[in-house]
Every structure is written in C-alpha cells, then in structure tokens.
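S.K.:
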Amino acid sequence: MRASAPAYPSDSALVRRLRPLAIAAGLILAWQAVVWLTGVPAFILPGPVEVAVTWVKRSNIILHHAGVTMLEIVLGLMIGVLVGLATAVMLSEWRRLRPWLLPILVISQAIPVFALAPILVLWLGYGMASKVAMAALIIFFPVTSALYDGLRRVDPLWLEAARSLGCTGTRLFRRVRLPAALPAFASGLRVATAVAPIGAVVGEWVGSSAGLGYLMLHANARLQIDLMFAALLTLALMAVTLYAVVDFLLRRAVAWQPGEADS
C-alpha cells in the first residue's frame, strides 16, 4: 500500500520559513555579544534589551513617526514606479526621444541625493511632499532601466510569431513585449523597494516636523541613543516588511518564470 505524503511541510520549506527568525536572532545575539565583550558605554551603543525597553515605553511616539515615514515611502514608491513605467515605455517606443531622455536620466542619478534634498525642501516645503518627491526620484531610475532593458531584449522569434498572427502596434506591446519584460521589471521593482526608505529619511533629516528620520535626528541631539536605535530598528523592520510584501506579490505575478515560485 502506498504511503501517504506527510502533512507537515518539507524540511526546505520549514527552513525557508524559519530563516528570517534565525537571522534576526543571530544579529541580536551578535549585537549583545559586542556590548558585553567591549563594555561600550550605553550612550554609544545600547544593548538590545535597553532598546527594547525604550521601544515599549515610547511606542506611541515611535509608531506615530513610523506611520508618517511609511506613508512617505509608499507614496514615493507608487509615484516612482508610475514615472519609471512611463519613461521606460517612452524610451522603448519613441526612438527619437532617447537622445533627449537618456542624458536627463543619467544626470538625475549622478547628482548626490543629499545635494538634491535641500532644493526639494526649499521648493516643496517641510511637509510630506518633499519627502515623497525624494523617494520617487530615487525609485524611478531602477524601474526605468530594468523595464527598458526588458523591453529591448524580447525574443525576436516571439515578435515574429506574433506579427505573423496579425498582432501589431499596441496589441503587440500589450500581449507580447510587456509580459516578456515583466521579469526584468520585477528585478527593478525589488531594487526600488529596497532603496525606497533612503529618499524619505534623507528628506526628513534635511527638514521635517515628523517621521523616523526626524525622531532619530532629535534623539541623537539629546543623547537619547536608545530611542535613536529604537527608531532605527523600526525603520529597518518597516523596510524589510515592505520588501517581503512586494517580493511575494512579484513572485506570484511572474510565477511562470523559472525559479520565481520556489524562491
């Protein structure tokens, strides 16, 4: 009689699920070991227990600022992705625009982010708009370059087969070129999601009245290093969670791509 398959997940699936917890536990233990072995003062490097206690005590203020930063990141990500999609399509479909758009793209990334942040704050004010614009500015380039590269590298045999069936113009783009470029777009979006918090936090450091960057800056000035680390860890957790959500959705969207469904 044939044995039935086990009801519990396989070892590899179990390892994948426990890996994030193991990495987090390892980093916390290493952090605590550094504090114990070096005897570094708490005003330079507080231990994880002190930071956790501070997070619990100041959770209201930390969560308030975290909500502001998260909104800035999500809005910046949405706008940056939309601008990146539009730019990549224009570069791919309108060849006469390429000599004009490509230098602008290079210049936008050649200028350091810290140099642009004061200008955006001056133009858009100390509110959320300047932080969203900064995040979108960082995000759109990885999306643009990845999708544009994907659209350029569609298999010519697929295009010829589609044209032989009468698929041309917009239909060819929607049904063949864009789906074929989705894996490249997914790679660019993953990179964009990973760097999305940079723009928002840099903008908050330059000038703001709320957000985790604002909280870290003021906590550092008051030597509240435990609060600064609590805000920093909250930002890291937000960034990892956002990346995990986007990665999960992308793996489902391009599940037909080899290696995506099992990663």
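Note that the sequence shown ends on residue 283 in the numbering used here; no numbers are left out.
Each residue gets a CB set at the ideal place from its N, CA and C atoms; glycine is no exception.
From a predicted model like this one, the values you see are computed outputs, not experimental measurements.
If you run the structure through DSSP and keep just helix, strand and coil, what is Ser11?
M.R.: As shown, the chain starts at 21 and ends at 283. That puts residue 11 outside it, with no answer to give.
S.K.: Which residue marks the beginning of the alpha helix (DSSP H) containing Gln129, and which one marks its end?
M.R.: Arg118 to Ala130
S.K.: Please name the residue, chosen from Trp225, Leu235 and Leu202, that lies closest to Arg272 on a Cα-to-Cα basis.
M.R.: Leu202
S.K.: Measure the Cβ-Cβ separation of Leu171 and Ala204 and say whether it is below 9 Å.
M.R.: With contacts defined as CB atoms closer than 9 Å, Leu171 and Ala204 qualify as a contacting pair.
S.K.: Would you report the Cα separation of Ser150 and Gly227, rounded to the nearest angstrom?
M.R.: Cα-Cα distance, rounded: 9 Å.
S.K.: Count the other CB atoms, across all protein chains shown, that sit within 10 Å of the CB of Glu180; report buried if there are 16 or more and exposed otherwise.
M.R.: exposed
S.K.: Secondary structure at Asp169, three-state DSSP: helix, strand or coil?
M.R.: helix
S.K.: Can you check which of these residues, Pro40, Asn80, Thr107 and Leu243, is closest to Thr164 by C-alpha distance?
M.R.: With distances taken between Cα atoms, Thr164 lies closest to Thr107.
S.K.: Leaving out five residues before and five after Val103 in sequence, what residues of the same chain have Cβ atoms less than 6 Å from its Cβ?
M.R.: Phe160
S.K.: Given that a residue counts as buried once 16 or more other Cβ atoms are within 10 Å of its Cβ, and exposed if not, what is Ala130?
M.R.: exposed
S.K.: Can you give me the Cβ contacts of Val221 inside the same chain, cut-off strictly under 6 Å, excluding the 5 residues immediately before and after it?
M.R.: Gly233
S.K.: Considering Cα atoms alone, identify which of Leu47, Trp276 and Pro217 is closest to Gly100.
M.R.: Pro217
S.K.: With burial defined as no fewer than 16 other Cβ atoms inside 10 Å of the residue's Cβ, what is the status of Pro132: buried or exposed?
M.R.: exposed
S.K.: Of the choices Val94, Pro176 and Val69, whose alpha-carbon is the least far from that of Leu262?
M.R.: Val94
S.K.: Between which residues of its own chain and Pro26 is the CB-CB distance below 6 Å, once the five residues before and five after are set aside?
M.R.: Residue placement at Pro26 is flagged as unreliable, the pLDDT there being 47, under the threshold of 50; the coordinate-derived value follows with that caveat. Nothing meets the Cβ criterion.
S.K.: Could you spell out where the alpha helix (DSSP H) holding Phe134 opens and where it closes?
M.R.: Element bounds for Phe134: Val133 to Leu144.
S.K.: What span of residues does the alpha helix (DSSP H) with Thr190 cover, start to end?
M.R.: Gly189 to Leu192
S.K.: Under the assumption that Val141 contacts Gly223 (Cβ atoms under 8 Å), give the Cβ distance between them as a whole number of angstroms.
M.R.: That pair is a contact at about 7 Å.
S.K.: Identify the continuous alpha helix (DSSP H) that holds Gly100 and give its terminal residues.
M.R.: Ser79 to Glu113
S.K.: For Phe4, count the other beta carbons within 10 Å of its own beta carbon; 16 or more makes it buried, fewer makes it exposed. Which is it?
M.R.: No answer is possible for residue 4: the residues shown for the chain start at 21 and end at 283.
S.K.: How would you call Ala42, buried or exposed, if buried means at least 16 neighbouring beta carbons within 10 angstroms?
M.R.: exposed
S.K.: On the DSSP letters alone, give me the boundaries of the alpha helix (DSSP H) that Ile245 sits inside.
M.R.: Ile245 to Ala273
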